[in-house]
Amino acid sequence: GIQVEQSPPDLILQEGANSTLRCNFSDSVNNLQWFHQNPWGQLINLFYIPSGTKQNGRLSATTVATERYSLLYISSSQTTDSGVYFCAVGSSASKIIFGSGTRLSIRP
Amino acid sequence: DTGVSQDPRHKITKRGQNVTFRCDPISEHNRLYWYRQTLGQGPEFLTYFQNEAQLEKSRLLSDRFSAERPKGSFSTLEIQRTEQGDSAMYLCASSQWDGTDTQYFGPGTRLTVL
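For the protein sequence lines, the chains are A and B, in the order given. Heads up: the first sequence runs through residues 12 to 119, numbered per my numbering. Heads up: the second sequence runs through residues 866 to 979, numbered per my numbering.
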């Protein structure tokens, strides 16, 4: 099955800093989603992005499908950005496999 | 749009008991997913429905687990003869298949098996 690796596993930043989170995957995908799990456990869908670039406010994501990676950019970090960021990928349009996540801590 | 809801939010049970969880998806969504998440890990896919049809099941879903979505709306996940290893967060998600599959998650049901 598809393997998903996220890096870095942990990231600690000061408020206002920018960050880049990476997701590598082992095979062709036609389904890739980024999620944020807040400290209370709620998973929020950030992007559905099997290819290309999308932006939503301070967040943007780029997937280079031919090179099997995706990047999530967070600019001007806020304490509310803290939590775990998951990349999830799938070769079908249904089942997705989650990576182990990047735990982001934003210090005030 | 009220979002995905799950009930109960927490369940404590004794080993060997049966438990049932409910998920109510976003009303117009035709796909519903169940996942399991243990501490420090990402969610693991268990099964998914398109309308009332269960289209895929993970090998993680032993014969003690069963899921239904009888009318293509809410879904239930039952675990029979619970074991301590079943302790986890059980997450439900829904999506509207329109060429994309953006999944929206509920708050989860945390199961503790004593």
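Each residue gets a CB set at the ideal place from its N, CA and C atoms; glycine is no exception. Because the structure is a prediction, the values reported are computed rather than measured.
Distance, residue j Cα to residue i Cα
i: C98(A); j: C957(B); result: 17 Å
i: D981(B); j: R946(B); result: The shown model of chain B, from 866 to 979, leaves out residue 981(B), and the question about it has no answer.
i: T912(B); j: L904(B); result: 20 Å
i: S870(B); j: Q906(B); result: 22 Å
i: K879(B); j: E948(B); result: 8 Å
i: L897(B); j: S960(B); result: 7 Å
i: E933(B); j: Q919(B); result: 8 Å
i: L925(B); j: P935(B); result: 22 Å
i: T977(B); j: T77(A); result: 43 Å
i: S931(B); j: Y955(B); result: 13 Å
i: L24(A); j: Q66(A); result: 21 Å
i: F109(A); j: Y96(A); result: 10 Å
i: K876(B); j: T941(B); result: 14 Å
Exposure of residue i, with buried meaning 16 or more beta-carbon neighbours within 10 Å
i: S39(A); result: exposed
i: W51(A); result: exposed
i: I55(A); result: exposed
i: P873(B); result: exposed
i: V75(A); result: exposed
i: L83(A); result: buried
i: C20(A); result: At residue 20(A) the sequence reads Pro, which differs from the Cys that was named. Exposed, because fewer than 16 other Cβ atoms sit within 10 Å of the Cβ of P20(A).
i: L979(B); result: exposed
i: G63(A); result: exposed
Cβ-Cβ distance between residue i and residue j below 8 Å
i: E943(B); j: T885(B); result: yes
i: L57(A); j: S81(A); result: no
i: I13(A); j: F46(A); result: no
i: N883(B); j: N916(B); result: no
i: N41(A); j: S102(A); result: yes
i: S111(A); j: Q53(A); result: no
i: I117(A); j: S88(A); result: yes
i: R887(B); j: A953(B); result: no
i: S93(A); j: R69(A); result: no
Endpoints, the beta strand (DSSP E) within which residue i is located
i: S960(B); result: 953-960
i: W899(B); result: 896-902
i: W51(A); result: First-last for W51(A): undefined, no H or E at that position.
i: E909(B); result: 909-915
i: D889(B); result: 884-889
i: I23(A); result: 21-25
i: A932(B); result: 930-933
i: D872(B); result: 870-872
The ligand PLP heavy atom lying under 7 Å from the CB of residue i
i: S37(A); result: Of the ligands one can find in the structure shown there are none, so the ligand PLP has no counterpart to examine.
*Can you give me, in chain order, the residues of the segment 910-933 of chain B that have a beta carbon less than 9 Å from any beta carbon in chain A?*
F910, Y913, Q915, L920, E921, S923
_Residues in the segment 30-59 of chain A having any Cβ partner in chain B nearer than 7 Å_ = N42, Q44, G52, Q53, L54, N56, Y59
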